[in-house]
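A.B. asks: Have a look at the structure that comes next, please.
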Amino acid sequence: MTADTARLFRKVALFGKPRAEGIGAPLQEIARIVQAAGCEVLLDAATRETVGLAQLPGHSLEEIGAAADVAVVLGGDGTMLGIARELAPHGVPLIGINHGRLGFMTDIALEQVPEVLSDMLAGHYETDARMLLECEVERDGQVVFAPRALNDAVISRGVAGGMVEFTVLVNGVTMYNQRADGVILATPTGSTAYALSANGPILHPRLAGLVLVPVAPQTLSNRPIALPDDSVVEIEITDVRDASAHFDMQSFWGLKPRDIVRCRRSRYSALLLHPVGYNYFETLRGKLHWNVMPSEPHGRG
C-alpha cells in the first residue's frame, strides 16, 4: 500500500509488554520516532505505569479505541493478542514489534524499527486481516461468560487429572462424542499456537476456515479437521471431574457437566500491518526453523 492510498495516521497508540525487563528504552525510542514522523503519541496508561514514561500522559483502552489511527505494540504474541481483541471493535490496525520469544504476530525485530516504522507511518505497509471468534459459555440455558478469541478456544482437563468427556456439534449436528485431554478450536492465526503442538495443520491467514484439534484423544482415529469459517461449533461437556475453557490462554472459565462452549466467527477482525515485502512463508521458515534446500544438489542414483 502506498502513501497515496494509505489511511492517514495522526494519532499513534503505544503499548508495551507489562513488566518486561528492559522495555523502557525501546519504548522511548519508538515514541521519538512516532513524534518525528509528525504523529501524536497516545501512550497506554498501563504501559506508562510500568515503564515510567512520565513525560507522556496515559490513556485508557476506551480512549485509545476512540481516538487512535493505529497502534504500535511492543511485546510478544501474547501482548498482541490482548490488545488486538480490545481494539478490534474500534477498527484500529496494529503494528507488532517483537520483544518476546516467538513473534508470529509481532513480526518486526527491534533492530528493524528505525528503518521500517517511519516508512510504515508514512503509508508504506502491507495489510493482513485476521478473523476473531465470538465465544460463550452457556450454563442452564444462560450465557455466563462471553469472551473473544483471536487464537483459539480450548477445553482442557484440570489439575485433578482424568479425561474430559464431551460432544462436538457443528451447526447443530453432532460430529462426535469423545474422551480426551482436551480439544482446540483454532483460527488460522491460532493454527501456529497450541493447535500446532497438538499436531494440527497450519492454516494460511487468508484461508476462510477453522481447525478442530483433539488433544490426546482416547479414540486414536479422531483426527484434526478443518471446518468452514461460518460454522457454529458447540462443545458440550458430558462428564467432567475438573475441566476449564481457555480463550487465547488469557481468559478462563471453570466447566461443569452439561455446560456448552459455543464459538462462531466474529463480525470484527484484527487488522495487522506489516512492512512492505512481508511474506508469511518467510515468517514460518524463520519462526519454525524449517530446513532449506542444501546449497549443493544431491546426485541421483
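When you read off a place in the sequence shown, starting at 1, and then add 861, the result is the number in my numbering. All C-beta atoms in this analysis are idealised placements derived from N, C-alpha and C, irrespective of residue type, glycine included. Note that the structure is a prediction, hence the values are computed from the model and not measured.
Specify the secondary structure class of Q889 as computed by DSSP and reduced to three states.
C.D. replies: helix
A.B. asks: I need the straight-line Cα distance from D930 to G937, nearest angstrom please.
C.D. replies: If I take the Cα positions, the gap works out to 21 Å.
A.B. asks: Which same chain residues end up closer than 6 Å to L978 when comparing Cβ atoms and leaving out the 5 residues on each side of it in sequence?
C.D. replies: I894
A.B. asks: According to DSSP, is R1000 helix, strand or coil?
C.D. replies: strand
A.B. asks: Can you tell me where the alpha helix (DSSP H) with K1148 in it begins and where it stops?
C.D. replies: For K1148, the enclosing alpha helix (DSSP H) stretches over residues Y1141 to L1149.
A.B. asks: Do you know how far the Cα of H1107 is from the Cα of A1014?
C.D. replies: CA-CA distance, A1014 to H1107, rounds to 6 Å.
A.B. asks: Nearest to A906 by alpha carbon, out of Q916, C900 and G899?
C.D. replies: Q916
A.B. asks: Could you spell out where the beta strand (DSSP E) holding S1127 opens and where it closes?
C.D. replies: DSSP places S1127 inside the beta strand (DSSP E), whose first and last residues are I1121 to H1135.
A.B. asks: Along the chain, where does the alpha helix (DSSP H) containing L922 start, and where does it finish?
C.D. replies: L922 to A928
A.B. asks: What separation, rounded to the nearest whole angstrom, lies between the Cα atoms of V1076 and A898?
C.D. replies: 48 Å
A.B. asks: Name the DSSP beta bridge partners of V902, please?
C.D. replies: V873
A.B. asks: What's the C-alpha gap between V902 and V933?
C.D. replies: 10 Å
A.B. asks: For A907, which three-state DSSP category applies?
C.D. replies: helix
A.B. asks: Output the boundary residues of the beta strand (DSSP E) element that contains E972.
C.D. replies: Looking at the DSSP string, E972 is not in any beta strand (DSSP E), and its letter there is neither H nor E.
A.B. asks: Going by alpha carbons, who is nearest to I969 out of R991, H951, W1151 and L1133?
C.D. replies: L1133
A.B. asks: Under the assumption that A1041 contacts M1024 (Cβ atoms under 8 Å), give the Cβ distance between them as a whole number of angstroms.
C.D. replies: About 6 Å separates the two Cβ atoms, so the contact holds.
A.B. asks: Return the first residue and the last residue of the beta strand (DSSP E) that M1036 is part of.
C.D. replies: Taken as a continuous stretch (DSSP letters only), the beta strand (DSSP E) holding M1036 covers V1034 to A1047.
A.B. asks: Once the 5 residues before and after L869 are set aside, which same chain residues still bring their CB inside 6 Å of it?
C.D. replies: none
A.B. asks: If you draw a straight line from the C-alpha of Y1141 to the C-alpha of L1149, how long is it?
C.D. replies: 12 Å
A.B. asks: Go ahead and pull the three-state DSSP assignment for M981.
C.D. replies: helix
A.B. asks: With a threshold of 6 Å on Cβ separation, who are the neighbours of A1047 within its own chain once the five nearest residues in sequence on each side are excluded?
C.D. replies: Same-chain partners within the cutoff: D1013, A1056 and V1072.
A.B. asks: Smallest Cα separation from E1095: which of E999, P950 and D989?
C.D. replies: E999
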